[in-house]
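Read the structure below first, then the notes.
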Amino acid sequence: MANPVSARDIRRVIANATSLQVSDRANIVMCVLAAVRACGVKRVLMMPENGGIRSLLKRGLQREQKLCDNRFPELEMTDTQISGTVDDTFAATQAMVDSGVKAIVVLGGDGTHRAVAKVCGQVPIAGISTGTNNAFPEHREPTITGLAVGLAATGRIPESVAFTLNKLLCVKINDGERSDIALVDVVVSTERYIGARALWRTDNLREIFVTFADPEVIGMSAIAGLLEPVSRNDFGGLHVLLDDPEVTENLLQVPIAPGLISTVGVQSWQKLEPGIPFTLRQSSGIIALDGERELEFGPEDTVQVTLYEKAFRTVNVGACMRHTGQHRLLVGAPLELLAT
Amino acid sequence: MSDNPFPLSRDELLNIYQTMRTIREFEERVHVEFSRGDIPGFVHLYAGEEASATGIMTHLRKDDRISSTHRGHGHCIAKGVDVKGMMAEIFGKKTGVCGGKGGSMHIADLDKGMMGANGILGAGAPLACGAALAAKYRDKGDIAISFVGDGASNQGTFLESLNLASIWNLPVVFVVENNGYAEATSVDWAVACDSYVDRASGFGMPGVTVDGTDFFAVYEAAGEIIRRAREGGGPSLLECKMIRFFGHFEGDAQTYRAEGEVDDIRAKRDCLKSFSKTVTAAGVLSQADLETCDTDVLSLIEEAVSTAKAAELPTEADLLTDVYVNY
């Protein structure tokens, strides 16, 4: 699942965010394909898109076919429509799940991973960061991610080692009239329109809910991470109440986007218990999910945020590779191709 | 808390709606008049793309300059060019903004900062660089905008302009209005790297992609990019992903489009409908406000057409005027 348009938003202008080129994204996919093939994966499904990745892959794979290297698996596009919107991700993920895939590799930012997680059910996902403020996908060489996925998907690593269960946040407006999820953070802002989606103005922030609070990431979840770190594996999350930095003395300096350190006003914070719905303090505004403004709400709406444990699975790349080294899984001749 | 959630006042939002509605009705009417055979030359309609021109132009000042494309009616209206003068120009009449000698593809009004629609693809980008260079020397914070389509973005002039703007750090914004088709050729077949943001990076400037059918998305992104240019941050590229309701030109059979494609986008991705829904749902403008505006716009367009039709054609003597300009 390779998103060709992640990292294209306004943060390239208001901050110093980079934008990974389409040709680099195609190279990442090639790395993953070569790695999973080396682990014995014969067939891979991919989301079709018109952003350029597919055409560059086609060129690269045709060259490899001429060289008869057999370094790559069969690549097949899902039979899904291309609209150039997030609907493509939903449809392709569903098609992959229906086809019985063993794992889904995701190239994108937190938003892309969120879109896949909404649909993938219990199929584990492996994230590769190609977005802007990526808290969810870990930063790692994609070849290694591909190896871990390949070994896990072919059953060479026990599921108890290969896969990790993750937390997520669920937002419900008026008992589910509207609802959505976030993998990392739900942010409440007094801004009241969606606009260009990416969130970066900090003086309007009023509440943050996070599944984990990592002080080593940038973005909204960094606010929580710099107050009280909570790991992905810890029980529960964190709920932070914020204030206008002009009216509070409790200030925090936060890396909110690449190269952009902003001042945030902090009121208080507390552990976020799983399974207990929290009603928003703010009566109207917008809700950003994993850094993007998504939902508007007003005084007539009741908004609740709930943290869920063990909500979806990811490939634990680090654990997979440690297991691979400890059990010498790659020692010897190339691994046999599996039937599918 | 204010009842208005938008960063624009009620009057500003009403003006924006009026501009978008004027562009829409202007184009729908030109579509009808062209089919009657009353309009000479070619016309390329901007209907469906109103959020781009309006979202960007709302940030511009009188002394900011724009260069446009062959599909330039929307840019002209959003920059403040007289609608009646534009209609007369399209009908080739003497009362047109260019004396009836330019037609649809060469409407210009320098007093409004509109340096011209342009029948030559990619030709507007160097003009915008020139205007931006002048603005840089004058140092009053003025900027230039170069509108270009996805097809023209492959022209050497456009790519050379990106380079020039970058090395001279010009206050210029390149707006790629990507409606998916270069005439009849899909961008999938015609644009090598498929990403205009990648192209911008290649010339050392930031690029941003935005939903060009969402006025508020365009408005916010354009605001930051234009502010950056005014403050001396140099050139940027803004890609507006959008959809045109009509063919490349009037008379285009559009055999390259899927059956029902246009009906679907008119129903689901109409920027005017989404703007109306957003501002009325927020209670800032009422349906009655919009309907009053619609009536005013229709009257304006009707008057523009009737006066254009009644106006005189240019004479033989007019052929030799406006050829040279004294500086």
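Order-wise, the sequence lines are chains G and R. Heads up: the first sequence begins at 10 in the working numbering, then just goes up one per residue. Heads up: the second sequence begins at 23 in the working numbering, then just goes up one per residue. Beta carbons: idealized from backbone N, C-alpha and C, even for Gly. Here the structure is a predicted model, which means the values were calculated and not measured.
8 Å Cβ cutoff, residue i in contact with chain R
i      : result
G/V22  : yes
G/R206 : yes
G/Q30  : yes
G/D18  : yes
G/V14  : yes
G/R80  : no
G/Y317 : no
G/G274 : no
G/G61  : yes
G/I166 : no
G/G300 : no
G/G93  : yes
G/R201 : yes
Short CB-CB distance (under 8 Å) between residue i and chain G
i      : result
R/E55  : no
R/R250 : yes
R/E71  : no
R/G171 : no
R/I247 : yes
R/T231 : yes
R/E242 : yes
R/A139 : no
R/P228 : yes
R/S168 : no
R/T302 : no
R/F28  : yes
R/C215 : yes
R/S223 : yes
R/F238 : yes
R/V219 : yes
R/N37  : no
DSSP three-state assignment for residue i, whether helix, strand or coil
i      : result
R/K158 : helix
R/S31  : coil
R/C98  : helix
G/T272 : strand
G/M341 : In the sequence on display, residue 341 of chain G carries Gly and not Met. Coil, per DSSP.
R/G234 : coil
R/M136 : strand
G/A126 : helix
G/L235 : coil
G/S15  : coil
R/C315 : helix
R/H53  : helix
R/I248 : helix
G/I190 : strand
G/W209 : coil
R/Q309 : helix
R/M23  : In this prediction, R/M23 has a pLDDT of 45, which is less than 50 and means its spatial position is unreliable; nothing more can be read from the coordinates.
G/Q71  : helix
G/M10  : coil
G/C179 : strand
Anticipated Cβ contact below 8 Å, residue i with residue j, distance rounded
i      : j      : result
R/A174 : R/T91  : 7 Å
R/A150 : R/R87  : 7 Å
R/G256 : R/N185 : Between R/N185 and R/G256 the Cβ distance is about 13 Å, and since that is not below 8 Å, they are no contact.
G/A16  : G/T152 : At roughly 21 Å, the Cβ-Cβ gap does not stay under 8 Å, so G/A16 and G/T152 are not in contact.
G/L298 : G/G246 : 14 Å between Cβ atoms; not a contact.
G/F218 : G/V195 : 4 Å
G/V180 : G/S188 : 6 Å
R/A73  : R/T314 : Not quite, the Cβ-Cβ distance comes to about 21 Å (not below 8 Å), so this is no contact.
Any C-beta of chain B under 8 Å from that of residue i
i      : result
R/K263 : Looking for chain B here will not work: the only protein chains present are G and R.
Would you call the segment 235 to 253 of chain R and the segment 161 to 176 of chain R touching, i.e. three or more CB-CB distances under 8 Å?
yes
Segment contact, 8 Å Cβ cut-off, at least three pairs: the segment 158 to 177 of chain G with the segment 263 to 276 of chain G:
No, because fewer than three Cβ pairs between the segment 158 to 177 of chain G and the segment 263 to 276 of chain G fall closer than 8 Å, the two stretches do not touch.
Unbroken beta strand (DSSP E) runs of length 3 or more, entirely within the segment 73 to 142 of chain G: which are they?
The qualifying runs are 83 to 86, 113 to 117, 134 to 138.
With a threshold of 8 Å, are at least 3 pairs of Cβ atoms found where one atom belongs to the segment 33 to 43 of chain R and the other to the segment 295 to 306 of chain R?
yes
Does the pairing of the segment 208 to 216 of chain R with the segment 54 to 68 of chain G give three or more beta-carbon distances under 8 Å?
yes
Ordered list of beta strand (DSSP E) runs contained in the segment 164 to 197 of chain R, each at least 3 residues
166 to 171
So does the segment 11 to 30 of chain G actually touch the segment 112 to 120 of chain G, counting three or more Cβ pairs closer than 8 Å?
yes
At which residue ranges does the segment 55 to 99 of chain R contain complete beta strand (DSSP E) runs of 3 or more residues, listed in the order of the chain?
87 to 89
Taking three-plus beta-carbon pairs below 8 Å as touching, is the segment 46 to 65 of chain R in contact with the segment 119 to 127 of chain R?
yes
On the three-pair Cβ rule with 8 Å, is the segment 103 to 111 of chain G touching the segment 190 to 204 of chain G?
no
With three or more beta-carbon pairs closer than 8 Å as the criterion, would you say the segment 311 to 325 of chain G touches the segment 229 to 237 of chain G?
no
Report the start-end ranges of each beta strand (DSSP E) in the segment 254 to 341 of chain R that is 3 residues or longer and not cut off at the edges.
258 to 263
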